[in-house]
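> Shown below is the structure under consideration.
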Amino acid sequence: MILNEMVLPIIVVLAVLVGGAYSVAVMDRVIATRLGAPRAGNPWLSPLTRGAWLLVQQANVTEAPDGRAWRLAPALYLALAATGLALVPWSETLVATDLATSVVLWGSVEALATVVIFLHGWSANAPLALIGAYRYVALGLSYLLISMFVLIGVALPAESLQLTQVVMSQEGLWNVVRQPLGLPLFLVVGLGMTFWGPLNLADSTDLAGGTASEVSGPPRLVWDVARAAMLVAFSGIAASAFLGGWLGPWLSGPLWMVVKMLAVLAVLLWLGRVVPRVAPERCVTGMWVVLLPLAFVDLIWAGVAALWQ
Amino acid sequence: MNHGILVDIAFLLLAVLAVVSGWRVFRTDSMVRASFFLLLSFIAVGAIMLLLAAEYLGVAMFFMMGVEMMVMALFMVMFMMNPAGLNPMVMVHQHRISMGAGVTAFLVLGLMALLTRFPNRPLPAGLEPVASLGHEMLGGSMLIFESAAVVLLATMIGVVVLSSHRGRYGAANEGSLPPGLAPGGDPAGKPKEDQDGGHEHHHHHHH
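Read top to bottom, the protein sequences are chains A and B.
Take 3 as the starting number for the first sequence in my numbering and just add one per residue.
Take 3 as the starting number for the second sequence in my numbering and just add one per residue.
Put into structure tokens, the structure is as follows:
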């Protein structure tokens, strides 16, 4: 019993944390090569090479940083990614944390990610890192409300805030069909909370790397792994909330989850490569003026559909 | 109620974390650090609430306080004119009054905790804490919660309006405009006024 309830979930979370982050790195390189980017080595080996190189590289130090917060921020971001992964149900019984309010806890992970990413840029005591940190707060506060409305939308037909119940409620029809606005809006949230591709405002090239501009060596490795792991955790939540989670014919539940998570990751990474980075001001305006009202429409849609049943 | 020793250990650790990080709020020298120590303290309290089976309220504490402390740190930095909040500053003032208030509050709360006789009422077996909380908040007590929410929102907007009255280029209610690039010139950074004439609502001062 202890093996099934304590050890197995921890092993699953750790394995997905490591394997998922590696798959993100490989998939991103493969997609980049397919899109015509100059090939930089073997896509299977180059993430490992880079990881090993960062591991032996010296950790950079700035003038008078908040040292403890600076070193802690990447670890905290990784811990938040692990928390998110712990909520992902792999089958009806294989869930690390089957909390009655797991959807709300995922919302907390998103909110606390804002704090941690801000802390990462703020504590370096360097100008470009600081600009990245403040930019991220503007972005984070913009996508949080969108995320909340979209997630309340999937909780309505399930009549529960529990992710396993949300999956079970999609037995007849997946939420991606039932609430067509939900998944596209939620994907924006995913790109936002990992500041990936078009929404990479915190660590962007115009800030020479933003919050990570002064970070090198092992802390940089943890930061990069944490970002990829957060993307994996997000894909797990998105697959459970919109793509029917473990439900599906022929294959077993966990296998279906892996397939669906890889599909979400492929879409996100492809978007990250083909869509250019948006300007911060336009991004915030678009989120509040266009996407937030769309999230309202999604919630009203879900509410009316729930009442009609 | 039966619970394992692990719950007791978790409670003690979280309680110590909540108190220590709460104490650090007043000992640190930066507004941003103070906000995040307070956040840590609240997260520990939220986890204690989870131990008490308040599954919604405990988790709600995480995201409420996460956003709240982030916004608070941001607004403090903006209003205090302390570039980026990294400059050291003293986080305590009015020492005598606050020490008196702190000791009094501690004594009152401590006495309440020690002297109150808490009822021993085990929860009914089929109780769903999240659903019952929802029925309470959106049922019988809806009017109270909604009025409190509107009052809080009005207070927040009012405080920002009152305290940001003086803008960078003069008082906000006098239509503050950036100064011209040349003495007496048009406000800098504003687009040239209507070539095709006819926007009645623009009032700029041409000299």
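The beta carbon of each residue, even a glycine, is placed where N, CA and C say it ideally should be.
Small disclaimer: the values here were computed from a predicted structure and weren't measured.
Counting only C-beta atoms, is LEU8(B) closer than 8 Å to chain A at any point?
Counting from 1 along the second sequence, the entry for residue 8(B) is found at position 6. No, because no Cβ of chain A sits closer than 8 Å to the Cβ of LEU8(B).
> Which bits of chain B does THR103(A) rub up against, with CB to CB less than 7 Å?
Position 101 of the first sequence, counted from the start, is the residue given in the question as residue 103(A). The answer, in chain order, is GLU57, TYR58, VAL61 and VAL132.
> List the residues of chain A whose Cβ lies closer than 9 Å to the Cβ of PHE65(B), in chain order.
Mapped onto the second sequence, residue 65(B) falls at position 63. Near PHE65(B) (Cβ distances below 9 Å), the residues of chain A are VAL106, LEU107, GLY109, SER110, VAL111, GLU112, ALA113, LEU114, LEU146 and MET150.
> Here's the rule I'm using: 16 or more other beta-carbon atoms within 10 Å means buried, otherwise exposed. How should ALA150(B) be labelled?
The sequence position of residue 150(B) within the second sequence is 148, counting from 1. Exposed, by the Cβ-count rule.
> Rounded C-beta distance between ILE154(A) and LEU301(A)? I'm assuming under 8 Å.
By one-based count along the first sequence, residue 154(A) stands at place 152. By one-based count along the first sequence, residue 301(A) stands at place 299. ILE154(A) to LEU301(A), Cβ: 6 Å. Contact.
> Check the C-beta distance from MET63(B) over to GLY48(B) and give it rounded, since I have them as a contact under 8 Å.
Against the second sequence, residue 63(B) aligns to sequence position 61. Against the second sequence, residue 48(B) aligns to sequence position 46. Yes, they are in contact, since the Cβ atoms of MET63(B) and GLY48(B) sit about 3 Å apart, within 8 Å.
> Looking at C-alpha atoms only, which residue of TRP310(A), ALA98(A) and MET289(A) is the closest neighbour of ASN6(A)?
As a first step, residue 6(A) must be located in the first sequence, where it is residue number 4. That would be ALA98(A), whose Cα lies nearest to the Cα of ASN6(A).
> Would you verify that the beta carbon of TRP124(A) is, or is not, closer than 8 Å to some beta carbon of chain B?
Here residue 124(A) refers to the residue found at position 122 of the first sequence. So, interface residue.
> Hey, is MET93(B)'s beta-carbon within less than 8 Å of any beta-carbon in chain A?
The residue given as residue 93(B) occupies position 91 in the second sequence. False, the Cβ-Cβ gap to chain A never drops below 8 Å.
> Return no unless some Cβ of chain A is closer than 8 Å to the Cβ of GLY24(B).
Residue mapping note: residue 24(B) aligns to position 22 of the second sequence, counting from 1. Output row for GLY24(B): interface = no.
> Could you name the residues that DSSP lists as bridge partners for PRO180(B)?
Working through the second sequence from its first residue, we reach residue 180(B) at position 178. Answer by DSSP bridge pairing: none, since PRO180(B) is not bridged.
> At 8 Å on the CB atoms, spell out the chain A contacts of PHE38(B), in chain order.
In the second sequence, the residue the question calls residue 38(B) occupies position 36. Result: ALA71, VAL117 and LEU121.
> What are the residues of the region 141-161 of chain B that lie near chain A, defined by any Cβ-Cβ distance shorter than 8 Å?
For the region 141-161 of chain B, which is checked against every Cβ of chain A, not one residue is closer than 8 Å.
> If contact is defined by three or more beta carbon pairs under 8 Å, each pair taking one atom from either stretch, is the region 176-184 of chain A in contact with the region 21-31 of chain B?
no
> Please state if the CB of TRP198(A) and the CB of LEU233(A) are separated by a distance shorter than 8 Å.
Within the first sequence, numbered from 1, the residue matching residue 233(A) stands at position 231. Within the first sequence, numbered from 1, the residue matching residue 198(A) stands at position 196. Taking C-beta atoms as the reference points, LEU233(A) and TRP198(A) count as a pair closer than 8 Å.
> If you draw a straight line from the C-alpha of ALA12(B) to the C-alpha of SER37(B), how long is it?
One-based indexing of the second sequence puts residue 12(B) at position 10. One-based indexing of the second sequence puts residue 37(B) at position 35. Distance between the alpha carbons of ALA12(B) and SER37(B): 24 Å.
> Considering Cα atoms alone, identify which of ALA77(A), LEU267(A), VAL105(A) and ALA54(A) is closest to HIS122(A).
Translated into positions along the first sequence, residue 122(A) becomes position 120. Here the closest residue by C-alpha is ALA77(A).
> Any idea if GLY182(B) is buried or exposed, counting beta-carbon neighbours within 10 angstroms, 16 or more meaning buried?
Position 180 of the second sequence, counting from 1, holds the residue named residue 182(B). GLY182(B) should be labelled exposed.
> Against chain A, with Cβ distances strictly below 8 Å, would LEU164(B) count as a contact?
Along the second sequence, read from residue 1 onward, the residue named residue 164(B) stands at position 162. Taking a beta-carbon distance threshold of 8 Å, LEU164(B) does not count as an interface residue toward chain A.
> For ASP188(B), which residues of its own chain have a beta-carbon under 7 Å away from its beta-carbon, when the five flanking residues on both sides are left out?
Start at 1 with the first residue of the second sequence, and residue 188(B) comes out as number 186. Hits under 7 Å: GLY182.
> What's the gap between the Cα of MET3(B) and the Cα of ARG52(A)?
As a first step, residue 3(B) must be located in the second sequence, where it is residue number 1. As a first step, residue 52(A) must be located in the first sequence, where it is residue number 50. Unreliable placement is indicated for MET3(B), whose pLDDT of 46 sits below 50; no coordinate value is reported for it.
> Are the C-beta atoms of LEU201(A) and some chain D residue less than 8 Å apart?
Going by chain labels, chain D is absent from the structure shown, which instead holds the protein chains A and B.
> Which chain B residues are close to VAL139(A), counting only those with a beta carbon under 8 Å from its beta carbon?
Counted from its first residue, the first sequence places residue 139(A) at position 137. What VAL139(A) touches in chain B: MET72 and LEU76.
> Please classify PHE65(B) as buried or exposed, where buried requires at least 16 other C-beta atoms within 10 Å of its C-beta.
Walking along the second sequence from the start, residue 65(B) turns up at place 63. By the neighbour-count rule (16 or more Cβ atoms within 10 Å), PHE65(B) is buried.
> Using 10 angstroms around the beta-carbon of SER257(B), count the other beta-carbons present and answer buried if the total reaches 16, otherwise exposed.
Nothing can be reported for residue 257(B): it is not among the residues displayed for chain B, which extend from 3 to 209.
> With 8 Å as the threshold, decide whether the Cβ of VAL34(B) is near any Cβ in chain A.
Locating residue 34(B) in the second sequence gives position 32, counting from the first residue. It does: the Cβ of VAL34(B) has a partner Cβ on chain A nearer than 8 Å.
> Which of the residues in the region 156-176 of chain A, read from start to end, lie with their CB under 7 Å from any CB of chain B?
LEU163
> Check ALA308(A) in the structure and name its three-state DSSP category.
To locate residue 308(A), count along the first sequence from 1; it is residue 306. Correct three-state label for ALA308(A): helix.
> Could you tell me which of ALA34(A), ALA54(A) and LEU82(A) sits nearest to PHE2(A), measuring between CA atoms?
It is not possible to answer for residue 2(A), since the shown part of chain A is limited to 3 through 311.
> Thinking just about the alpha-carbon of each residue, which of LEU16(A), TYR145(A), PRO67(A) and LEU294(A) is nearest to the one in THR196(A)?
Locating residue 196(A) in the first sequence gives position 194, where the first residue counts as 1. Looking at the Cα atoms, TYR145(A) is the closest of the given residues.
> Mind pulling the alpha helix (DSSP H) runs of 4 or more residues that sit fully within the region 128-155 of chain B?
131-139
> Quick one: using the 10 Å Cβ neighbour count with 16 as the cut-off for buried, is ASP10(B) buried or exposed?
Here the question's residue 10(B) lines up with position 8 in the second sequence. Label assigned to ASP10(B): exposed.
> Among all the DSSP beta bridges, which residues are the ones paired with PRO189(B)?
For the purposes of this step, residue 189(B) is taken as the residue at position 187 of the second sequence. DSSP, once it has assigned bridges, lists GLY182(B) as partnering PRO189(B).
> Hey, is the region 57-66 of chain A in contact with the region 263-271 of chain A, meaning 3+ C-beta pairs nearer than 8 Å?
no
> Is GLN172(A) closer than 8 Å to LEU109(A) when the C-beta atoms are compared?
Reading the first sequence from its first residue, position 107 is the one you call residue 109(A). Reading the first sequence from its first residue, position 170 is the one you call residue 172(A). Checking the sequence, you will find Gly at residue 109(A) rather than Leu. With contacts defined as CB atoms closer than 8 Å, GLY109(A) and GLN172(A) fail to qualify as a contacting pair.
> I need the straight-line Cα distance from ALA241(A) to MET101(B), nearest angstrom please.
Start at 1 with the first residue of the first sequence, and residue 241(A) comes out as number 239. Start at 1 with the first residue of the second sequence, and residue 101(B) comes out as number 99. Distance between the alpha carbons of ALA241(A) and MET101(B) is about 52 Å.
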